[in-house]
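Accompanying notes for the structure given below.
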Amino acid sequence: MTDLPRFDLGAALPAPEPLPEMLARLAVRRSAPAQALVEPGPSEAQLELILTLGARSPDHGKLTPWRFVVLGRQTRLRIAERLAALAVVKELPAKATAVLAKLTAAPVTVLVVSIARPASKPEWEQVLSAGAVCMNIEHAASALGFASSWITDWYSYDPEAAALFGVTTDEKVAGFIHIGMAAEPLLERERPDIAALTTRLP
Ligand SMILES: Cc1cc2nc3c(=O)[nH]c(=O)nc-3n(C[C@H](O)[C@H](O)[C@H](O)COP(=O)(O)O)c2cc1C
1 MTDLPRFDLG AALPAPEPLP EMLARLAVRR SAPAQALVEP GPSEAQLELI
51 LTLGARSPDH GKLTPWRFVV LGRQTRLRIA ERLAALAVVK ELPAKATAVL
101 AKLTAAPVTV LVVSIARPAS KPEWEQVLSA GAVCMNIEHA ASALGFASSW
151 ITDWYSYDPE AAALFGVTTD EKVAGFIHIG MAAEPLLERE RPDIAALTTR
201 LP
């Protein structure tokens, strides 16, 4: 049998240092309804920080398999008009137009685009990395006091619609992360039963 590496688990090891404020924030984290996100949104400097912290995500092979598109409201309003027209041409149900309200409400939106890099690392892991970036953007926004909402909706999956945001057919929308202040209290929702989802092995 190969010898396992041995570590000196002596008394010099630092004890874990909890961050109570961070734990408290994570314990109550909730998405805001995208339509309920109002001004103020993050400033340019805050947005820069949000993107920098968001990019501090696990990335197997350091491939950076994602990119950002910062969408101001003016651009989203213009694209939403074209999406509404596209929904008519494609004879989509009325809901397809109704959900466009989620796209246009927030002061700031970051589109996270997932790019599968031709590399030795599985594409699945690259997609997961893009998801981790979305979540870290939400956490960074929350740490700055903002609320956020991770939305995809039909226009993320329709290539013609996604092209309006500059997303190519080689790319995928990981999410539109809408950021602002919540205009209404964020109601708690039922959370999963962790014990039922967890297998513990000795
Ligand atoms: C990849 C992804 C896509 C999502 N797309 C939508 C969406 O299109 N519309 C929507 O209402 N919620 C969407 N959600 C769910 C919300 O972002 C949010 O997670 C949900 O409302 C639950 O709230 P919570 O985050 O507070 O638990 C999506 C979530 C994920 C992870």
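Residue 1 is where the sequence shown starts when you use full-length UniProt numbering, and the numbers rise one by one after that.
All C-beta atoms, glycine included, are put in the ideal place defined by N, C-alpha and C.
It should be emphasised that the depicted structure is a prediction, and the values quoted were computed from it without experimental measurement.
Pairing T75 with H178 gives a Cβ-Cβ distance that is not under 7 Å.
Counting along the chain, the unbroken alpha helix (DSSP H) around V28 starts and ends at P20 to V28.
Sequence-distant partners of R117 (beyond 5 residues in either direction) whose C-beta falls short of 7 Å from its own C-beta, in its chain, are L63, P65 and Q126. Between ligand 1 and G166, a heavy atom-to-CB distance of less than 6 Å is absent. In the structure shown, G180 falls within a strand segment according to DSSP collapsed to helix, strand and coil. Summarising the contact set, residues whose Cβ lies nearer than 5 Å to any heavy atom of ligand 1 are, in chain order, R30, S31, W150, I151, T152 and D153. Rounded to whole angstroms, the gap between the alpha carbons of K90 and A196 is 42 Å.
Straight-line measurement puts the Cα of R78 at about 14 Å from the Cα of A162. R76 sits in a helix when the DSSP states are folded into three classes. Counting only unbroken stretches of 3 or more residues, the beta strand (DSSP E) elements lying wholly within the UniProt domain "Nitroreductase" (39 to 180) are 66 to 71, 108 to 115 and 147 to 151, in sequence order.
Between E160 and W150, the alpha-carbon positions lie close to 21 Å from each other. By the 16-neighbour rule on beta-carbons within 10 angstroms, K172 is buried. Within the DSSP secondary-structure output, L37 pairs in a beta bridge with A182.
Nearest in C-alpha terms to R30, of all of F165, A96, H139 and P202, is H139. A direct Cα-to-Cα measurement between A96 and A87 gives close to 7 Å.
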